[in-house]
Structure formats: C-alpha cells, structure tokens
Amino acid sequence: MPSVEALKEKYPPGDFGVWIIIYVELLTFGLFFVGYAFSRRENIEMFNSSQLMLNQTSGFINTFILITSSYFVAKGVALMRTMREQNQAAANAEASRWLKFAIACGVAFLFIKFSEFYYIFGEGITLSTNKFFMFYLLLTMFHFMHVFLGTIILFNVHQRTKAAAYTPEDYRGFESGASYWHMVDLLWIVLFPLVYIIR
Amino acid sequence: MKKILEIVWIVLVLLTIFAYLLGYLELIDTSLVAVLLGTTFIKGALVSDCFMGLRNVALRYRIIPIIWLFFVIILIAIAYYF
C-alpha cells in the first residue's frame, strides 16, 4: 500500500520554469511587504493619514475580482485534468469559456486600478510625496504590471483552447499560465489588508 | 469533494468581506489586526493549496508558498505589535 505522499505529483503543475519565476516574485513582493510594515512602524500617523486617501471599496472590489478570476482559471485547469481523448474538443471549448470570464475579470481589475491611479496622480501625489505613497505606488504599480502580463498570458492560453490545442497528454502550458495567475491573486490577498485596511 | 473549488471561493469571498467591513466600518483595532492577519494566512493557503493545486504535489513543493506566507505574515505582525 503506497503512502499518501507517494501518490502525489512529484512536481508542481505547469513548467518548472514558471515556478522559478513565481518563487522569485514571491520573494521580491515579500521583501516589499515587510519593508512597508517596518517603515510604517517609524511613522504610524503619517501612514494612517495617507491611507485615508485610498478607496477601500475599490480595493475590496478588486480583491473580489481577482479571487473570482482565480476560481474561473481553476475550473479550466480541473477540466484539463479530467479531459479524455474522446472529449478533448468539448473540454477545450468549456475551458475556453472559463478563461473568457477570467480575462474579463483581469481587464476589470486593470480598469479599476487605472482609475485609482488617475485619481491619486490627479491629487498631485507622486513616489516622492511620502514613504506611504512610495510603497503604495511601487507595490500596486508593480502588481498592476503583473496583472497586465497575466491577462495577456490568459489570452494566449484562451486562444490555444479555442484551437483545441491542449490534449490529455499535454496541457502544461495551461497549468503554467494558471499558476502565474494564482500567484498574482496570492500577492493581492496579502497586499489588500496590508495597505488598505491595517491601521 | 467535487465542489471543493466552489467552497474555497465562497470562503475566500466571505473572508474578504470580513476584511473590508473591518476597514470600512472603522472597526479595525490592535487585537483585530491579528485576526485579520490570520484570515489573510488562511486565504493565501487556500489559494496555494486548492486553486494552484499544490495539495496534490510533493510536500517539499507544497510547503514553499505556505512558508513564504507564514514568514511574511509573522514579520508584518512583529512590525505591528513590537
């Protein structure tokens, strides 16, 4: 009787290269998160008063959007894992529909974040306004770029599902794109309470 | 077990609503920050395990995002409380 551990996959889903990228991104953002937390300690009042300029509701909506998009992508991956040769076209078509919803969520996130940046910059705030906004802009703009790239990746995966290009033997590209997208979600899950809520 | 993704999504949404209400209703205080960080850890672990699918992967890979999350949350808590 094999142990539970022996029944598990040896490697994470997708190409191993994407996981190297994910680990590096987690480390980089992790340093930023901790840097923000310790900088806040030095000037709590300034961080709290600057934080009042942020729109918590748009932060909440964006969290909801990313969580939901991650769910859509996970549904697509689940379809790939249960796909058989007999239903390859149907599984690709259904996964393509889930990805369409996920891409729409990505675009909605970018739109809301862009309008938030438009407001912040309209108020004359820049990276050098104070330490809070330096961290806020660096973290959120860096994350914005990741969502942008993730949306493009999902679009490419979607195009391949439309062409029914994934097979029961090879859907690693789908898993790689999905893993990257979930990382973007994971980062925002920490960023939202840290920057928008904790005071 | 088939509905695991749906259950995870509902838990994530509920915990996000909880976090938002803490901030929006200005309920957040020193003790609730610990609760908020705890729920953030749970949310991150759910995304890593269930959405990324790492719960079906060898422990040495499954544990990496969890360790990352643990240290980030702990260090944020240390910066907040000490």
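Chains as they are written, first to last, in this note's numbering: chain A, -14 to 184; chain B, 7 to 88. Built from N, CA and C at the ideal position, the CB exists for glycine as well. Here the structure is a predicted model, which is why all the values come from computation and not from measurement.
6 Å Cβ shell around residue i - same chain, five flanking residues per side excluded
i: residue 131 of chain A; result: 169
i: residue 61 of chain A; result: 80, 83, 84
i: residue 68 of chain A; result: 76, 153
i: residue 78 of chain A; result: none
Rounded Cβ spacing between residue i and residue j (contact assumed at less than 8 Å)
i: residue 160 of chain A; j: residue -1 of chain A; result: 4 Å
i: residue 42 of chain B; j: residue 25 of chain B; result: 6 Å
i: residue 200 of chain A; j: residue 158 of chain A; result: Residue 200 of chain A is absent from the model: chain A starts at -14 and stops at 184.
i: residue 11 of chain B; j: residue 56 of chain B; result: 7 Å
i: residue 18 of chain B; j: residue 183 of chain A; result: No, residue 18 of chain B and residue 183 of chain A are not in contact; Cβ-Cβ is about 19 Å, not under 8 Å.
i: residue 40 of chain B; j: residue -5 of chain A; result: About 37 Å; that fails the 8 Å criterion.
i: residue 48 of chain A; j: residue 177 of chain A; result: 5 Å
i: residue 101 of chain B; j: residue 68 of chain B; result: Residue 101 of chain B is absent from the model: chain B starts at 7 and stops at 88.
i: residue 14 of chain B; j: residue 38 of chain B; result: Between residue 38 of chain B and residue 14 of chain B the Cβ distance is about 24 Å, and since that is not below 8 Å, they are no contact.
i: residue 82 of chain B; j: residue 22 of chain A; result: 4 Å
Beta-carbon proximity list for residue i, same chain, < 8 Å, skipping 5 on both sides
i: residue 175 of chain A; result: 14, 18
i: residue 57 of chain A; result: 83, 84, 86, 87, 90
i: residue 8 of chain B; result: none
i: residue -3 of chain A; result: 4, 164
i: residue 7 of chain A; result: 164, 165, 168
Selected residue, minimal CA-CA separation from residue i, among the options
i: residue 86 of chain B; options: A:24, A:144, A:152, A:47; result: A:24
i: residue 150 of chain A; options: A:182, A:70, A:-11, A:34; result: A:70
i: residue 73 of chain A; options: A:11, A:121, A:97, A:152; result: A:152
i: residue 99 of chain A; options: A:40, A:183, A:162, A:12; result: A:40
i: residue 5 of chain A; options: A:139, A:181, A:164; result: A:164
i: residue 125 of chain A; options: A:-3, A:181, A:156, A:115; result: A:181
i: residue 50 of chain A; options: A:97, A:35, A:8; result: A:97
i: residue 73 of chain B; options: A:12, A:95, A:179; result: A:12
i: residue -11 of chain A; options: B:13, B:62, B:49; result: B:62
i: residue 59 of chain A; options: B:54, B:66, B:82, B:88; result: B:54
i: residue 88 of chain B; options: B:45, B:36, B:66; result: B:36
i: residue 122 of chain A; options: A:77, A:103, A:138; result: A:103
i: residue 30 of chain B; options: A:27, A:45, A:10; result: A:45
For residue i, the first and last residue of its enclosing alpha helix (DSSP H)
i: residue -4 of chain A; result: Counting along the chain, residue -4 of chain A falls outside any alpha helix (DSSP H), and DSSP gives it neither H nor E.
i: residue 170 of chain A; result: 157 to 176
i: residue 59 of chain B; result: Premise fails: residue 59 of chain B is in no alpha helix (DSSP H) and is neither H nor E.
i: residue 116 of chain A; result: 116 to 147
i: residue 109 of chain A; result: Per DSSP, residue 109 of chain A belongs to no alpha helix (DSSP H) and is neither H nor E.
i: residue 64 of chain A; result: 41 to 67
i: residue 14 of chain A; result: 1 to 27
i: residue 52 of chain B; result: 36 to 52
i: residue 12 of chain B; result: 10 to 30
i: residue 82 of chain B; result: 65 to 87
i: residue -8 of chain A; result: -11 to -8
Cβ-Cβ distance between residue i and residue j below 7 Å
i: residue 47 of chain B; j: residue 79 of chain B; result: yes
i: residue 117 of chain A; j: residue 35 of chain A; result: yes
i: residue 139 of chain A; j: residue 107 of chain A; result: no
i: residue 50 of chain B; j: residue 171 of chain A; result: yes
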